[in-house]
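Just add 350 to the spot in the sequence shown (first one is 1) and you have my numbering.
All C-beta atoms in this analysis are idealised placements derived from N, C-alpha and C, irrespective of residue type, glycine included.
For clarity, every value in this text was computed on a predicted model and none was experimentally measured.
What follows is a short report on a single structure.
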Amino acid sequence: MVTKKGPTKGSGGKHRNALKGKGPTPKAEDRVYHKAYRAKRTADRRKVADPRIAARRRVAKFTSDSDDLVIGRNAVLEALRVGVPSSQLYIASRIEHDDRTRDIVRLAGQQGLNLLEADRLEMDRIARTGNHQGVILKAEPYQYSSLQELAERAEKKARAMQSADSAEARIAARPLFIALDGVTDPQNLGAVIRSAAAFGANGVILPERRSASVTAAAWKVSAGAAAHMPVARVVNLTKALESLKEHGYYTVGLDGGGDALVGETGFESDPLVVVLGSEGKGLSRLVREACDSIAGIPITNMVESLNASVAAGISLYAVARARREAAGTATE
351 MVTKKGPTKG
361 SGGKHRNALK
371 GKGPTPKAED
381 RVYHKAYRAK
391 RTADRRKVAD
401 PRIAARRRVA
411 KFTSDSDDLV
421 IGRNAVLEAL
431 RVGVPSSQLY
441 IASRIEHDDR
451 TRDIVRLAGQ
461 QGLNLLEADR
471 LEMDRIARTG
481 NHQGVILKAE
491 PYQYSSLQEL
501 AERAEKKARA
511 MQSADSAEAR
521 IAARPLFIAL
531 DGVTDPQNLG
541 AVIRSAAAFG
551 ANGVILPERR
561 SASVTAAAWK
571 VSAGAAAHMP
581 VARVVNLTKA
591 LESLKEHGYY
601 TVGLDGGGDA
611 LVGETGFESD
621 PLVVVLGSEG
631 KGLSRLVREA
641 CDSIAGIPIT
651 NMVESLNASV
661 AAGISLYAVA
671 RARREAAGTA
681 TE
């Protein structure tokens, strides 16, 4: 019997998935049954157990770009004595203690800080230097106030003193701020804060850019005054001054080429903002234009300009003296 072969049926895609490839061959170290996989696992465990790697992880957790570290025995002891807000203290293992380190450990315990011990390698990585003398203090970020909070607090105090019997107390309670334009040295800032507290100012105003911040260095120079003197940071100092002027404040800028002497502008007994520029450049153009008056401090030709913190102390004293004189005139 002869049969004629006809057309055969195709798969019609029924086994198409079976024809697909499985992708590239995995690396030997990724195959669980391969000896390279076991070797990689062993190397990873050894790496995790390495004390140097563990030290790097702890350092990365302890530090960041925004951390404010106080390094060295004298600096740490002074910071703890003036009450710089801190969270942790690192002490080198097997450190040779002296009177300073004993006082450091005692003050840190009284302030409830976390005391952590680290080896030399870890201390060097945290401090990013080997000159730490076995002691590193981590300061907490400073809590700034808003400009509105400063103004409301100052005006509330002024209203409360309006009922006082003493004219000197009423005038002295009128709002007084000091603003810094381009002062980038933290130690200058700390000295300004100290002067502001000494002469009864209500706060310090700083721009966010091109300005020093309240770091541990500034806190130490302020001799603890930073704990009581509120500091506000503003995006634009010129707009901040204009906003205060809309609420009845007057602004007096300090510059060598002023049209009046400090303390003699006529605005001292009003709500006032004293504006200081940097030692080198002085007031910026826009800030200068925002001031109601530019006052100068009379100095000899032997000195070109004064340090910002020195100028702040002189100007705040001049304002305080002018307010006392205005109170004396009011009672006559």
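Could you check the C-alpha separation between residue i and residue j for me, to the nearest Å?
{"i": "R452", "j": "Q461", "result": "14 Å"}
{"i": "L466", "j": "V564", "result": "25 Å"}
{"i": "P580", "j": "R544", "result": "11 Å"}
{"i": "A378", "j": "E472", "result": "36 Å"}
{"i": "D531", "j": "N586", "result": "10 Å"}
{"i": "R674", "j": "D620", "result": "13 Å"}
{"i": "M652", "j": "Y492", "result": "39 Å"}
{"i": "D515", "j": "H578", "result": "26 Å"}
{"i": "S436", "j": "A676", "result": "43 Å"}
{"i": "R638", "j": "V625", "result": "9 Å"}
{"i": "R470", "j": "L487", "result": "15 Å"}
Using the beta-carbon count (16 or more within 10 Å), is residue i buried or exposed?
{"i": "K570", "result": "buried"}
{"i": "K385", "result": "exposed"}
According to DSSP, is residue i part of a helix, a strand, or is it coil?
{"i": "R520", "result": "helix"}
{"i": "A610", "result": "strand"}
{"i": "E472", "result": "helix"}
{"i": "Y599", "result": "coil"}
{"i": "R494", "result": "At residue 494 the sequence reads Tyr, which differs from the Arg that was named. If DSSP states are grouped into helix, strand and coil, Y494 belongs with coil."}
{"i": "G627", "result": "strand"}
{"i": "P536", "result": "helix"}
{"i": "N464", "result": "strand"}
{"i": "K506", "result": "helix"}
{"i": "Y383", "result": "coil"}
{"i": "D453", "result": "helix"}
{"i": "L656", "result": "coil"}
{"i": "G422", "result": "coil"}
{"i": "D531", "result": "strand"}
When every heavy atom of the ligand NAP is checked, does at least one fall within less than 7 Å of the C-beta of residue i?
{"i": "V571", "result": "The model on display carries no ligand, and the ligand NAP is accordingly not part of it."}
To the nearest whole angstrom, what separates the beta carbons of residue i and residue j, a pair I think is in contact under 8 Å?
{"i": "R623", "j": "F527", "result": "According to the sequence provided, residue 623 is Val. The question's Arg does not apply to it. Yes, V623 and F527 are in contact; Cβ-Cβ is about 5 Å, under 8 Å."}
{"i": "G553", "j": "A582", "result": "6 Å"}
{"i": "G663", "j": "G574", "result": "Between G574 and G663 the Cβ distance is about 17 Å, and since that is not below 8 Å, they are no contact."}
{"i": "I644", "j": "D605", "result": "5 Å"}
Stretch pair the segment 608–617 + the segment 495–510: three plus CB contacts closer than 8 Å:
The segment 608–617 is not in contact with the segment 495–510.
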